[in-house]
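Residue numbers (UniProt numbering): 1 to 352.
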């Protein structure tokens, strides 16, 4: 079995010695995550290192989960999009999203339009559903003068640090995500699904194992049973892969959750919420423990204009810190993957 553990400094130096256009080191040596990748010659264009970058990605992304490209002078959406496409992936659209994003070009979106005074907890992109991108790129166009970092974390380390009893419960019970659209308290179904057609929504949900319940002309409830943890199809390591801590209404604060329950009557009526797969509530102590591990595993760095972070979306989680002033970080996603594919690969592995 191939070892995909992060390399130490000496092994990393040996593994990248022939990539002469790049300077590579661990941003956080204690974790080996992410790798900081800079041009060997200051001011060199990122296109000049395309071959070495492709080789670096092939050799080390699965080991180190994330790459931070800095100092290559990437400026603007066109050069960012060209960089993303240089890996051979066509960017995918953002469907069944959980936050408001604006499409800037084909395959490039605003990273989020969540209020600047609030943080977004660490999460793996679209881990609340059964289809997600395997690759995600974040590009800093304008760095906020105060805050606005994009913390990242290694999903392998998170899994290992979660209490075994909690891991077992998430694996055995799985998770049920419930969303209510059209209440005026969250995204509308039109925003989430990118259409005005109820028939198109029903077709998408049917194809993706999402139960729908239309309430009158404007409201929709969706429910989907999905994974609580996962294992990586290439590295075969177990991962913490869900958004329970983010979708649970307590993420808005106990007072807000209590107010919403007072207005809406029961948890299933909340704009978004998550239960165990059997419909029971997640315990406060479990959520507190999970959030504590995530906070301790976060790796933060101030954005610099031109930075690009490339993540394996299953191996690495990302978030956003509050900020002041102007901030523009854009995102592109690629290599769609699904729970069905993962289960098929797991079955083939066990059969073999």
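Glycine included, every Cβ here is placed at the ideal spot set by N, Cα and C.
Check, Outcome
"Using the beta-carbon count (16 or more within 10 Å), is residue 211 buried or exposed?", "exposed"
"Can you check which of these residues, 266, 152, 107, is closest to residue 179 by C-alpha distance?", "266"
"Between the segment 181–192 and the segment 58–74, can you find at least three pairs of beta-carbon atoms closer than 8 angstroms?", "no"
"What separation, rounded to the nearest whole angstrom, lies between the Cα atoms of residue 312 and residue 287?", "25 angstroms"
"Using a threshold of 6 angstroms, is the CB atom of residue 185 nearer than that to any non-hydrogen atom of the ligand ADP?", "Within the structure as shown, the ligand ADP is missing, as the structure has no ligands at all."
"Tell me the DSSP secondary structure of residue 191 in three-state form.", "helix"
"Is the beta carbon of residue 68 less than 7 angstroms from the beta carbon of residue 27?", "yes"
"Whole angstroms are fine: how far does the CA of residue 317 sit from the CA of residue 125?", "7 angstroms"
"What does a CB cutoff of less than 7 angstroms around residue 122 pick up in its chain, not counting 5 residues either side in sequence?", "151, 153, 294, 298, 317, 318, 319"
"Assign residue 28 to one of three DSSP states: helix, strand, or coil.", "coil"
"Using the C-alpha atoms, what's the distance from residue 279 back to residue 55?", "46 angstroms"
"Quick check: what's the CA-CA separation for residue 281 versus residue 223?", "15 angstroms"
"Provide the residue(s) that pair with residue 179 in DSSP beta bridges, ordered along the chain.", "222, 272"
"Ends of the beta strand (DSSP E) at residue 66?", "66–69"
"Ends of the alpha helix (DSSP H) at residue 9?", "9–15"
"Between the alpha carbons of residue 291 and residue 245, how many angstroms are there, rounded?", "7 angstroms"
"Could you tell me the distance, in whole angstroms, from the CA atom of residue 139 to the CA atom of residue 284?", "35 angstroms"
"Determine the extent of the beta strand (DSSP E) in which residue 319 is found, giving its start and end residues.", "316–320"
"To the nearest angstrom, how far is the alpha carbon of residue 10 from that of residue 30?", "14 angstroms"
"Between the segment 254–262 and the segment 224–240, do three or more beta carbon pairs fall short of 8 angstroms?", "no"
"Can you name the start and end residues of the alpha helix (DSSP H) that residue 297 belongs to?", "284–297"
"By the DSSP assignment, the beta strand (DSSP E) with residue 109 in it spans what residues?", "108–110"
"Along the alpha helix (DSSP H) that carries residue 84, what are the first and last residues, could you check?", "77–85"
"May I ask you to report which of helix, strand or coil DSSP gives residue 173?", "helix"
"Is the segment 299–309 touching the segment 101–109, taking contact as three or more C-beta pairs under 8 angstroms?", "no"
"With distances taken Cα to Cα, identify the nearest neighbour of residue 75 among 336, 146, 348, 328.", "328"
"Does DSSP classify residue 164 as helix, strand or coil?", "helix"
"From the DSSP output, read off the bridge partner residues of residue 38.", "23"
"Indicate the three-state DSSP secondary structure (helix, strand or coil) for residue 232 in the structure shown.", "coil"
"What is the residue span of the alpha helix (DSSP H) that residue 244 lies within?", "244–247"
"By a C-beta neighbour count over all protein chains shown, 10 Å radius and 16 as the cutoff for buried, is residue 149 buried or exposed?", "buried"
"For residue 40, which option in 20, 208, 136 has the closest C-alpha, if you only look at C-alpha atoms?", "20"
"Taking the Cβ atom as the reference point for each residue, do residue 145 and residue 325 lie within a distance shorter than 7 angstroms?", "yes"
"Can you have a look at residue 230 and say buried or exposed, based on whether 16 or more other CB atoms are within 10 angstroms of its CB?", "buried"
"Our contact map puts residue 227 next to residue 174 with C-beta atoms below 8 angstroms; I'd like the distance itself, whole angstroms only.", "6 angstroms"
"In angstroms with no decimal places, state the Cα-to-Cα distance between residue 46 and residue 73.", "7 angstroms"
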